[in-house]
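> Have a look at this one before I ask anything.
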Amino acid sequence: MTISLYLRIRLSLLRHQLWKFVDERETESLEKSKAKSALEKLQEERKTLPIYPYRDQLLQAVNDYQVLVIVGETGSGKTTQIPQYLHEAGYTKRGKVGCTQPRRVAAMSIAARVSQELGVKLGHEVGYSIRFEDCTSDKTVLKYMTDGMLLREFLGEPDLASYSVIMVDEAHERTLSTDVLFGLVKDIARFRPDLKLLISSATLDAEKFSDYFDSAPIFKIPGRRYPVEIHFTKAPEADYLDAAIVTALQIHVTKPPGDILVFLTGQEEIEAAEEIMKHRTRGLGTKIAELIICPIYANLPTELQAKIFEPTPVGARKVVLATNIAETSLTIDGIKYVIDPGFSKIKSYNPRTGMESLQVSPISKASANQRAGRSGRTGPGMCFRLYTAYSYYNEMEDNTVPEIQRTNLANVVLTLKSLGIHDLVNFDFMDQPPSEALLKALELLYALGALNKLGELTKLGRRMAEFPLDPMLSKMMVASEKFKCSDEVISIAAMLSIGNSIFYRPKDKQVHADNARMNFHTGNVGDHIALLKVYNSWRETNYSTQWCYENYIQVRSMKRARDIRDQLEGLLERVEIELTSNLNDLDAIKKTIISGYFPHSGKLQKNGSYRTIKHPQTVHIHPSSGLAQVLPRWVVYHELVCTSKEYMRQVTELKPEWLVEIAPHFYQLKDVEDLSSKKMPRGEGRASEIGNAVS
């Protein structure tokens, strides 16, 4: 009886296991068929893109010519399809196909899309590389990257021997790195006839690119453009943000189905617009259809960025709040209405004052036309321009000024010098940068010790060039070896590299958030040391998310800082700097900061403002700084920003004698004894050679 019972139980168990096995196999089979059908669907979608009918002609043109300028409407499939066509045609057997993008977000999202279309895991055959994040492997044959990353690859591989094709995409954006890349790849193409070079642009300014690349042929891909109805305002808008929100809500209530794309200038505006829209639609319930608000900007987490590409549910409408990243870099399906306030944030640099400002400026006509075209992708669209027709025709520039003519060139000069390019004046730029900006960059690098009197790269300069950072930050990293505090300095550098997105202030808990932030500034240690305290405290809690919530710190920013720190630690090894800790000696850490940032010093004036010592100008401590209420006599700052006033960001107190001790070629003792009562004659000795001495 017992044996019979045992056999029955055993049989029941075996039957259960058999059914479980069958269920698992069925589920696996179902998942495979789902994945297969999704892949087939993607393959069908690829065939509907405007570029598909021109596939064979394009491959023939690439085969016939070494350099090809490709012009096509945004959304025609250039970025995602051309590298795949080249892969299918066998170019990847000879080397990788590299495709550069001006923006990190675009490089990541496009690589993810292409890996889906090829049915491979991201990071294997298809990967991406952005600053401080490398998602590639030995298998990678299609590589998407920011143009700055390809520029850094030149340092290790000057002839780009591992690539068979280089595609410089979104060339019309004319970023700083793109313009430098043009000169380098043009040179390489001349002595590497096997390298194919594709310059891809969305605008019709192709003749300029063609002329620059020795009259390269132009391949035009007709886009699938639908007519776009353009509406201007009758009078200028006093508050374009409010006007954009009102217009979006009016469209939602009165217009037929179709998603809305609103162009705004940055993260703060987008977050403000999102909050106002949610507030105004709250409580309306079933009176109006559902409005799904999707923001998109560079600092947004990847999983939230992906939301803008999700199909809009039936009966609802999506409104995408975007920076000018949605102008050409990203294509969002379903957009029927575009709201264009006519502004974007443009970085501009004044070489005389050394101040870099990210200012809201009117866009160009070329940008306005690109924005309008976003609404005519899937059907007839409408573009609401929140400025007058007169402004468009008479006040807007035809094209945006290339970044190389309005930015700090210190990093570019250091990169070119480390690549062995010494004659910067005659370097083949598409548009020459201002000679004053070049001179200031050379002066700064000389002052930092990266260049010698003859303008040649020094051993220190070569070590600095290994870091993908601003030269002053790189100098700080190298100086940490002398002061035995490299462990602390890489934490500070990592925190500085993620910008100003560490602390957040929810509107309903601003007092709590400010108190939590000021806890890290106990003892008026300065902002740099406070950042170090934040990182060390987070590390001590085993990188706790809960700790971040309690202290009003952004988890994502901290994770990014940790990734950057890990990479900087690897780079320290590469330049043979030992990882040493000196946490108790705050003066040593401050001296290390001054070693890189000695040109950025200021002295307190009687009226509570500061006067910078180099290029004297009146500046103020940023209200977010821990020293904003303390007002120390002498300070060193990370950067100057111009908003409502000229502000110093990330400020630390210093002793004036440290300036003479660390930079004797830049400051002399009399310079720092009584600065406020003297005018500024030229200095003596080495300082006068570069015309930058302070007195």
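Heads up: the sequence shown begins at 1 in the UniProt record's numbering, then just goes up one per residue.
Cβ coordinates follow ideal geometry from the N, Cα and C atoms, glycine included.
So, is Gly381 buried or exposed, given that buried needs 16 or more other C-beta atoms within 10 angstroms?
buried
> Am I right that Val69 and Ala206 are in contact with their C-beta atoms under 8 Å? What's the rounded C-beta distance?
5 Å
> Taking the alpha-carbon positions, what's the Ser601 to Arg463 distance?
For the pair Ser601 and Arg463, the Cα-to-Cα distance works out to about 25 Å.
> Quick one: Cα of Met558 to Cα of Ser418, how far?
32 Å
> Quick test of your reading: Ile490 and Leu568, contact by CB under 8 Å. State the CB separation rounded to the nearest angstrom.
4 Å
> State the DSSP-derived secondary structure class of Phe263, mapped to helix, strand or coil.
Assignment of Phe263 by DSSP, reduced to helix, strand and coil, places it in the strand class.
> Can you tell me which of the three DSSP states Arg374 falls into?
Helix at Arg374.
> Could you give the distance in angstroms between the alpha-carbon of Ser12 and the alpha-carbon of Gly119?
41 Å
> Answer with buried or exposed for Tyr91, where buried requires no fewer than 16 other C-beta atoms within 10 angstroms of its C-beta.
buried
> Please report the straight-line C-alpha distance between Tyr392 and Thr400, rounded to a whole angstrom.
14 Å
> Do the CB positions of Val320 and Val262 come within less than 8 Å of each other?
A contact, by the Cβ cut-off of 8 Å.
> Ignore the nearest five residues each way along the sequence and tell me which others in Cys99's own chain have a CB closer than 6 Å to its CB.
Pro83, Tyr144, Met167 and Asp169
> In angstroms, rounded to a whole number, what distance separates the CA positions of Ala687 and Val575?
Residue confidence for Ala687 is low, a pLDDT of 33 falling below 50, so the modelled location carries little weight and cannot support an answer.
> Classify Thr178 as buried or exposed, calling it buried when 16 or more other Cβ atoms lie within 10 Å of its own Cβ.
buried
> Would you mind sorting Asn63 into buried or exposed? The rule is 16 or more other CB atoms within 10 Å of its CB.
exposed
> From the DSSP output, read off the bridge partner residues of Met145.
Thr100 and Ser129
> So Ala322 and Ile339 are in contact, right, with Cβ under 8 Å, and what is the actual spacing, rounded?
That belief does not hold up - the Cβ atoms of Ala322 and Ile339 are roughly 10 Å apart, past 8 Å.
> Within the continuous alpha helix (DSSP H) that includes Ala465, where are the two ends?
Lys459 to Ala465
> On a CA-only basis, which of Ser344, Arg192 and Thr281 is nearest Leu264? Give me that one, please.
Selected option, being the one with the closest Cα: Ser344.
> Starting from the Cα of Pro362, find the closest Cα among Lys307, Tyr387, Gly499 and Tyr349 and give me that residue.
Tyr387
> For Lys196, list the residues DSSP reports as bridge partners.
Looking at the DSSP assignment, Lys196 forms a beta bridge with Val165.
> Considering just the uninterrupted stretch of the beta strand (DSSP E) at Arg611, what are its terminal residues?
Start and end: Tyr610 to Thr612.
> Pick helix, strand or coil for Cys485, following the three-state DSSP scheme.
coil
> From Gly455, Pro53 and His622, pick the residue whose C-alpha is nearest to that of Gln81; which is it?
Selected option, being the one with the closest Cα: Pro53.
> Have a look at the DSSP bridge pairing and note the partners of Gly315.
According to DSSP, Gly315 bridges with nothing at all.
> List the whole-angstrom C-beta distance separating Leu457 from Leu448, where the pair is believed to meet the contact cut-off of C-beta under 8 Å.
Not quite, the Cβ-Cβ distance comes to about 12 Å (not below 8 Å), so this is no contact.
> To which residues does DSSP link Ile51 through a beta bridge?
None, per the DSSP bridge assignment.
> Verify whether the separation of the beta carbon atoms of Leu627 and Asp527 is less than 8 Å.
yes
> My output table needs one value for Val105: the three-state DSSP class, helix, strand or coil.
helix
> Below 8 Å, can you find three or more Cβ-Cβ pairs linking the segment 146-157 to the segment 110-125?
Segments in contact, no.
> Please classify Ile332: does DSSP put it in a helix, a strand, or coil?
coil
> Counting along the chain, where does the beta strand (DSSP E) carrying Thr618 start and finish?
Thr618 to Ile621
> What are the start and end residues of the alpha helix (DSSP H) that includes Tyr647?
It is not in any alpha helix (DSSP H) - Tyr647 instead sits in the beta strand (DSSP E) that spans Glu646 to Glu653.
> Among residues of its own chain, excluding the 5 on either side of Val253, which ones have a beta-carbon nearer than 7 Å to its beta-carbon?
Ile288
> Among Lys533, Leu58, Arg560 and Thr331, which residue has its Cα nearest to the Cα of Thr378?
Relative to Thr378, the option among Lys533, Leu58, Arg560 and Thr331 whose CA is nearest is Thr331.
> Quick check on Gln17: buried or exposed, where buried means 16 or more other Cβ atoms within 10 Å of its Cβ?
exposed
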